[in-house]
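Protein chains in written order, with numbering that gives the first Met the number 0: chain A, 0 to 147; chain B, 0 to 147; chain C, 0 to 147; chain D, 0 to 147.
Here a beta-carbon is modelled for each residue, glycine too, at the ideal position from N, C-alpha and C.
Since this is a predicted model, take the numbers as computed values, not measurements.
Take a look at the structure below.
4 protein chains.
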Amino acid sequence: MKHVLKITVEFGDCDPSGIVFHPNFFSWFDAASLHFFRDSGIPSWRETLLTHGILGTPIVSTRCDFRAPARYGDQIEVHTCVSEWRERRFTQHHQIVKGDTLIAEAFHVRVFAGPHPDDPERIRAVPIPAAFREMCDRKYPPQQQASG
Amino acid sequence: MKHVLKITVEFGDCDPSGIVFHPNFFSWFDAASLHFFRDSGIPSWRETLLTHGILGTPIVSTRCDFRAPARYGDQIEVHTCVSEWRERRFTQHHQIVKGDTLIAEAFHVRVFAGPHPDDPERIRAVPIPAAFREMCDRKYPPQQQASG
Amino acid sequence: MKHVLKITVEFGDCDPSGIVFHPNFFSWFDAASLHFFRDSGIPSWRETLLTHGILGTPIVSTRCDFRAPARYGDQIEVHTCVSEWRERRFTQHHQIVKGDTLIAEAFHVRVFAGPHPDDPERIRAVPIPAAFREMCDRKYPPQQQASG
Amino acid sequence: MKHVLKITVEFGDCDPSGIVFHPNFFSWFDAASLHFFRDSGIPSWRETLLTHGILGTPIVSTRCDFRAPARYGDQIEVHTCVSEWRERRFTQHHQIVKGDTLIAEAFHVRVFAGPHPDDPERIRAVPIPAAFREMCDRKYPPQQQASG
Chain A
0 MKHVLKITVE FGDCDPSGIV FHPNFFSWFD AASLHFFRDS GIPSWRETLL THGILGTPIV
60 STRCDFRAPA RYGDQIEVHT CVSEWRERRF TQHHQIVKGD TLIAEAFHVR VFAGPHPDDP
120 ERIRAVPIPA AFREMCDRKY PPQQQASG
Chain B
0 MKHVLKITVE FGDCDPSGIV FHPNFFSWFD AASLHFFRDS GIPSWRETLL THGILGTPIV
60 STRCDFRAPA RYGDQIEVHT CVSEWRERRF TQHHQIVKGD TLIAEAFHVR VFAGPHPDDP
120 ERIRAVPIPA AFREMCDRKY PPQQQASG
Chain C
0 MKHVLKITVE FGDCDPSGIV FHPNFFSWFD AASLHFFRDS GIPSWRETLL THGILGTPIV
60 STRCDFRAPA RYGDQIEVHT CVSEWRERRF TQHHQIVKGD TLIAEAFHVR VFAGPHPDDP
120 ERIRAVPIPA AFREMCDRKY PPQQQASG
Chain D
0 MKHVLKITVE FGDCDPSGIV FHPNFFSWFD AASLHFFRDS GIPSWRETLL THGILGTPIV
60 STRCDFRAPA RYGDQIEVHT CVSEWRERRF TQHHQIVKGD TLIAEAFHVR VFAGPHPDDP
120 ERIRAVPIPA AFREMCDRKY PPQQQASG
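This is the structure in structure tokens:
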């Protein structure tokens, strides 16, 4: 019941110690977050900008534990769900696994954001559209998680 | 009294929303962590592997808040200190600033690690050498931080 | 008859102009090159280092044309074959396509390399093992290409 | 008389073979290309979009030779000049050096591009403004290069 994104760890994802350079985990979490919304049926941000004044879900904060290394050639998966919805922010829970091994686990707080009405250069959090939340919850039921 | 690493944000560091793609912040924190040790006088990991059985300081966990965006052309700085030493782990505190603006702030827990005696493919945390800790503390006095 | 690697272009692969930041194409070519050998049946470089003194196929030179942009969400493919084998070097031909559209095309000259006998820090090109070449040719027949 | 961009090779720029993962060279060439124009006095692309309908200088093709490896901790420089101006395209010549050692050398063909008048999603090459060319030539005289 979680969203699953499959990834092959490539040679260039790894550093001189032979394991994944950890910033790449955040690239994969970010990809998983976006695919989660797309696969829930929420239109692209290009469309929601016109329909809802929403241009994306920028990250506000993260907590992440790195449990085990991954190496090139490894087939890994990012498992994603929402662990909490609030009025203007939500928490996505990501687990990267390799078979039965937990590689990394993160809680990302994000907002739905749109252009600031007073200054198009800035953005601001907007209330999360109920319809979007329902689409996500139907496809990937939220799961409370002990968050560390 | 903190370690300072200067960085220019490049075009390719930014994503289609025009701001730094956040995984790059973790690359910069990682570079700052390594420069912190080198600039404290600790030899390269190539040497410490031979002298102390230490091959680096892998990350165990992170907490990071993203406060304000950075854009290409921005001159930013990573300010780094140690906020806590324990027997086998330590916390580095990083702040990325642009002038007076705080862009991002992170607490990274790391260990000093070496090859596992039973399996050269694995690594394990080792006690932090007192001499290394003293070298760091002399150059960059540790600073307790409210860690969120 | 070419090797095909499927890739989804992610948000973070793109730059502020909204299209793929071109260095990422080289990461994908590199992944395709490695998968080409693995899928031809050639063992991992970890094994060939022991059996053949070969640690990989470092790149010597490239020529690449960028024909059309790719954007996030695009499903692209890297099509790879060998366009020329010589005694100590070979040329891999890569095409990145999106449906019928050619996005980028590259010719990469690479060598099979191993540790230098006089200095383990350096590497040197070694003759390409006939068995390796045959494995590749059987799976992905070489195709002469007008190379620009 | 060439533009010089100084770079420190970081741990995360390198791959499991311990040397720079070659796609990173293209990120550094790209940064050098942009700094070349800024340091010649050409305004940011945000401004030139309004004044000249120019949004940047996308790459059309590259040829690159990789001569020697670079490792983390290395201080390297990207030396950049223009080797040829044509009406709608130009060639930038980049050399990455470490002390007296040539690490990599590239010729990048680029265009000055702006939005296509018929379709804002597309771009097209525009004639290179004479004033821009003069600004570059005054600061960094073009140098003909044997291009391989």
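**Asked** Taking the C-alpha atoms as reference points, what is the distance between Ile-53/C and Asp-64/D?
**Response** If you number the third sequence from 1, residue 53/C lands on position 54. If you number the fourth sequence from 1, residue 64/D lands on position 65. When rounded, the distance between both Cα atoms is 22 Å.
**Asked** If we cut at 8 Å on Cβ distances, does Asp-118/B have a partner in chain D?
**Response** To locate residue 118/B, count along the second sequence from 1; it is residue 119. Taking Cβ atoms only, chain D never reaches closer than 8 Å to Asp-118/B, which makes this a no.
**Message:** Less than 7 Å between C-beta atoms, sequence neighbours within five positions excluded: which residues of the same chain meet that for Gln-143/B?
**Reply:** Indexing the second sequence from 1 puts residue 143/B at position 144. Correct list, in chain order: Ser-82.
**Coarse secondary structure for Val-3/D, derived from DSSP in three states** = For the purposes of this step, residue 3/D is taken as residue 4 along the fourth sequence, with counting starting at 1. It is a strand residue.
**Prompt:** With distances taken between CB atoms, is the gap from His-93/B to Ala-31/B smaller than 8 Å?
**Reply:** To locate residue 93/B, count along the second sequence from 1; it is residue 94. To locate residue 31/B, count along the second sequence from 1; it is residue 32. In this structure, His-93/B places its C-beta atom within 8 Å of the C-beta atom of Ala-31/B.
**Message:** Considering only DSSP beta bridges, list what Pro-114/C is partnered with.
**Reply:** Sequence index remark: in the third sequence, residue 114/C carries index 115 (1-based). DSSP lists Ile-122/C as partners of Pro-114/C.
**Message:** Can you check which of these residues, Pro-128/D, Thr-79/D, Ala-103/D, Ala-105/D, is closest to Pro-140/D by C-alpha distance?
**Reply:** On the fourth sequence, position 141 is the one that residue 140/D refers to. Per the Cα distances, Thr-79/D.
**Message:** Tell me the DSSP secondary structure of Asp-64/B in three-state form.
**Reply:** Reading the second sequence from its first residue, position 65 is the one you call residue 64/B. Three-state result, Asp-64/B: strand.
**Request:** On the DSSP bridge assignment, give the partners of Val-19/B in chain order.
**Result:** Counting from 1 along the second sequence, the entry for residue 19/B is found at position 20. Answer by DSSP bridge pairing, in chain order: Cys-13/B.
**Message:** Looking at the secondary structure, which residues open and close the beta strand (DSSP E) in which Arg-45/D lies?
**Reply:** Counting from 1 along the fourth sequence, the entry for residue 45/D is found at position 46. First-last for Arg-45/D: 44-51, but that is the alpha helix (DSSP H), not the beta strand (DSSP E).
**Prompt:** Assuming Arg-87/B and Pro-126/B make a contact with CB atoms under 8 Å, what is their CB distance in whole Å?
**Reply:** As a first step, residue 87/B is located in the second sequence; it is residue number 88 there, counting from the start. As a first step, residue 126/B is located in the second sequence; it is residue number 127 there, counting from the start. Yes, Arg-87/B and Pro-126/B are in contact; Cβ-Cβ is about 6 Å, under 8 Å.
**Request:** Might you give, ordered along the chain, the residues of its own chain that have their beta carbon closer than 8 Å to the beta carbon of Asp-12/C, omitting 5 neighbours on each side?
**Result:** Here residue 12/C refers to the residue found at position 13 when the third sequence is read from its first residue. The answer, listed in chain order, is Val-19, Phe-20, Asn-23, Tyr-71.
**Item:** Validate contact between the stretch 35-43 of chain B and the stretch 128-139 of chain B using beta carbons, cut 8 Å, 3 pairs
**Value:** By the Cβ criterion, the stretch 35-43 of chain B is in contact with the stretch 128-139 of chain B, since at least three pairs of Cβ atoms, one from each stretch, lie closer than 8 Å.
**Prompt:** Applying a beta-carbon distance threshold of less than 8 Å, which residues of chain D neighbour His-21/C?
**Reply:** Your numbering for residue 21/C matches position 22 in the third sequence. Here the neighbours are Phe-25, Asp-29, Ile-58.
**Asked** Given a threshold of 16 other Cβ atoms within 10 Å of its Cβ, counted over all protein chains shown, does Asp-136/C qualify as buried or as exposed?
**Response** Counting from one through the third sequence, the residue named residue 136/C turns up at place 137. Under this definition Asp-136/C is an exposed residue.
**Request:** Mark Leu-49/A as exposed unless 16 or more other C-beta atoms lie within 10 angstroms of its C-beta, in which case mark it buried.
**Result:** Working through the first sequence from its first residue, we reach residue 49/A at position 50. Result: exposed.
**Message:** Is there a C-beta anywhere in chain B that falls below 8 Å from the one on Phe-106/C?
**Reply:** In the third sequence, residue 106/C corresponds to position 107, counting from 1. No, because no Cβ of chain B sits closer than 8 Å to the Cβ of Phe-106/C.
**Prompt:** Between Val-110/C and the rest of its own chain, which residues show a CB-CB distance below 7 Å, the 5 nearest in sequence each way excluded?
**Reply:** Numbered from 1 along the third sequence, position 111 holds the residue referred to as residue 110/C. Contacts found: Thr-56, Pro-57, Val-59, Arg-87, Arg-88, Ala-124.
**Asked** Once you ignore the five residues that flank Ala-69/B on each side, which residues in its own chain have a CB closer than 7 Å to its CB?
**Response** Against the second sequence, residue 69/B aligns to sequence position 70. Within the same chain, Ala-69/B has close Cβ partners Val-8, Ile-18, Val-19, Ile-75, Lys-97, Ile-102.
**Request:** Could you check what DSSP says for Leu-33/A in three-state terms: helix, strand or coil?
**Result:** In the first sequence, residue 33/A corresponds to position 34, counting from 1. Reduced to three states, the DSSP call for Leu-33/A is helix.
**Message:** Please classify Trp-153/C as buried or exposed, where buried requires at least 16 other C-beta atoms within 10 Å of its C-beta.
**Reply:** Any property of residue 153/C remains undetermined from this structure, which presents chain C solely from 0 to 147.
**Request:** Check the Cβ-Cβ distances between Gly-113/C and every residue of chain A, and say whether any is below 8 Å.
**Result:** In the third sequence, counting from the first residue as 1, residue 113/C sits at position 114. Gly-113/C does not count as touching chain A.
**Request:** Examine chain C for any beta-carbon lying closer than 8 Å to the beta-carbon of Phe-10/B, and answer yes or no.
**Result:** Taking the second sequence and counting its residues from 1, the one referred to as residue 10/B is at position 11. Phe-10/B counts as touching chain C.
**Prompt:** If the cut is a Cβ gap below 8 Å, which residues of chain B does Ser-43/D touch?
**Reply:** For the purposes of this step, residue 43/D is identified with residue 44 of the fourth sequence, where counting begins at 1. In chain order: Gly-72.
**Request:** Counting only the same chain and skipping the five closest in sequence on each side, list residues whose C-beta sits under 6 Å from that of Lys-150/B.
**Result:** Summary: the structure shown does not reach residue 150/B, with chain B confined to residues 0 through 147, and so no result is reported for it.
**Prompt:** Going by beta carbon distance, what residues of the same chain come within less than 8 Å of Met-0/B, once the five residues before and after it are set aside?
**Reply:** Locating residue 0/B in the second sequence gives position 1, counting from the first residue. Residues of the same chain with a CB within less than 8 Å of the CB of Met-0/B, apart from the 5 flanking positions on each side, are Cys-80, Tyr-139, Pro-140, Gln-142 in chain order.
**Item:** Alpha-carbon spacing of Asp-99/D relative to Ala-67/D, whole angstroms
**Value:** Here residue 99/D corresponds to residue number 100 of the fourth sequence, with the count starting at 1. Here residue 67/D corresponds to residue number 68 of the fourth sequence, with the count starting at 1. Distance between the alpha carbons of Asp-99/D and Ala-67/D: 11 Å.
**Environment of Glu-46/D [buried if 16+ CB atoms lie within 10 Å]** = Residue mapping note: residue 46/D aligns to position 47 of the fourth sequence, counting from 1. Exposed is the call here.
**Request:** Verify the CB distance criterion: does Pro-128/B have a CB-CB separation below 8 Å to chain C?
**Result:** Looking up residue 128/B in the second sequence gives position 129. Chain C contact via Cβ: absent.
**Asked** Out of curiosity, what's the CA-to-CA distance linking Gly-147/D and His-115/D?
**Response** Here residue 147/D corresponds to residue number 148 of the fourth sequence, with the count starting at 1. Here residue 115/D corresponds to residue number 116 of the fourth sequence, with the count starting at 1. Legend: pLDDT at Gly-147/D = 46, less than 50; position of this residue unreliable, value from coordinates given subsequently. Cα-Cα distance, rounded: 34 Å.
**Prompt:** Which of helix, strand or coil does DSSP assign to Glu-86/D?
**Reply:** For this step, residue 86/D is matched to residue 87 along the fourth sequence. DSSP places Glu-86/D in coil when its eight states are reduced to three.
**Prompt:** In terms of residues, what are the limits of the alpha helix (DSSP H) holding Ala-69/B?
**Reply:** Numbered from its first residue, the second sequence carries residue 69/B at position 70. That residue, Ala-69/B, is in no alpha helix (DSSP H); it is neither H nor E in DSSP.
**Message:** When you compare the CB of Leu-4/A with every CB in chain B, is at least one pair closer than 8 Å?
**Reply:** Sequence index remark: in the first sequence, residue 4/A carries index 5 (1-based). It does not; no Cβ of chain B falls within 8 Å.
**Asked** Name the chain D residues whose beta carbon is nearer than 7 Å to that of Gly-17/A?
**Response** One-based indexing of the first sequence puts residue 17/A at position 18. What Gly-17/A touches in chain D: Pro-15.
**Endpoints, alpha helix (DSSP H) assigned at Asp-136/B** = As a first step, residue 136/B must be located in the second sequence, where it is residue number 137. Residues 129-138.
**Asked** According to the neighbour-count rule (16 or more other Cβ atoms, all chains shown, within 10 Å of its Cβ), is Trp-84/B buried or exposed?
**Response** What you label residue 84/B is simply residue 85 of the second sequence in a count that begins at 1. By the neighbour-count rule (16 or more Cβ atoms within 10 Å), Trp-84/B is not buried but exposed.
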